[in-house]
Amino acid sequence: MSKYHYIFIHPGYPVDPMIADISAACGVELRPAQDEFIDFSAPLDRAAVEVEVDHEYEEDHGIPFEKYDSMLTVRDFDRDIERQEVIAQQIFGNLAETGKYSLALVLDLQKLIDSAGPPL
Numbered sequence: 656m657s658k659y660h661y662i663f664i665h666p667g668y669p670v671d672p673m674i675a676d677i678s679a680a681c682g683v684e685l686r687p688a689q690d691e692f693i694d695f696s697a698p699l700d701r702a703a704v705e706v707e708v709d710h711e712y713e714e715d716h717g718i719p720f721e722k723y724d725s726m727l728t729v730r731d732f733d734r735d736i737e738r739q740e741v742i743a744q745q746i747f748g749n750l751a752e753t754g755k756y757s758l759a760l761v762l763d764l765q766k767l768i769d770s771a772g773p774p775l
């Protein structure tokens, strides 16, 4: 089973500026996705970034997922968890630098790796 890195984001609205900020943080333009669950996506070399504008996760493992509006997933195509984490950390850091969002970087929806921004 694959493990993914997630970045939970608040506020997730308005959507267009958030997607523009995520695109800048990733260095690629996210585009609307043709998927039932994913709203925007972009390829990153051997990985993908996928954004769900809304999610239905609730607090689990002490992480208050419900306080974050949106969720970004980083998936490495080769299941290289270390490379995936480097990518996720870079995007997380770039988003944190904007000062616009409260963020939580999470591994596999179970382990909080980092958080940034004003308290929720």
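Going left to right, the sequence shown walks through residues 656 to 775 as the working numbering numbers them. Quick reminder that beta carbons are idealized off the backbone N, C-alpha and C, glycines included. Predicted model only: the values in this text are computed from it and were never measured.
Return helix, strand or coil for residue i, following the three-state DSSP convention.
i, result
"Pro-666", "coil"
"Phe-732", "coil"
"Glu-707", "strand"
"Leu-750", "helix"
"Asp-769", "strand"
Considering residue i, what are the terminal residues of the beta strand (DSSP E) in which it resides?
i, result
"Leu-764", "First-last for Leu-764: undefined, no H or E at that position."
"Ser-657", "Counting along the chain, Ser-657 falls outside any beta strand (DSSP E), and DSSP gives it neither H nor E."
"Pro-719", "Note, Pro-719: premise wrong, no beta strand (DSSP E); not H, not E."
Quick one: using the 10 Å Cβ neighbour count with 16 as the cut-off for buried, is residue i buried or exposed?
i, result
"Glu-643", "Examination of residue 643 is not possible in this model, given that the chain is present from 656 through 775 alone."
"Gln-689", "exposed"
"Asp-731", "buried"
"Leu-775", "exposed"
Let me check one thing: in DSSP terms, what residues is residue i bridge-paired to?
i, result
"Phe-695", "Pro-687, Val-706"
"Ser-757", "His-665"
"Met-726", "Phe-663, Glu-707"
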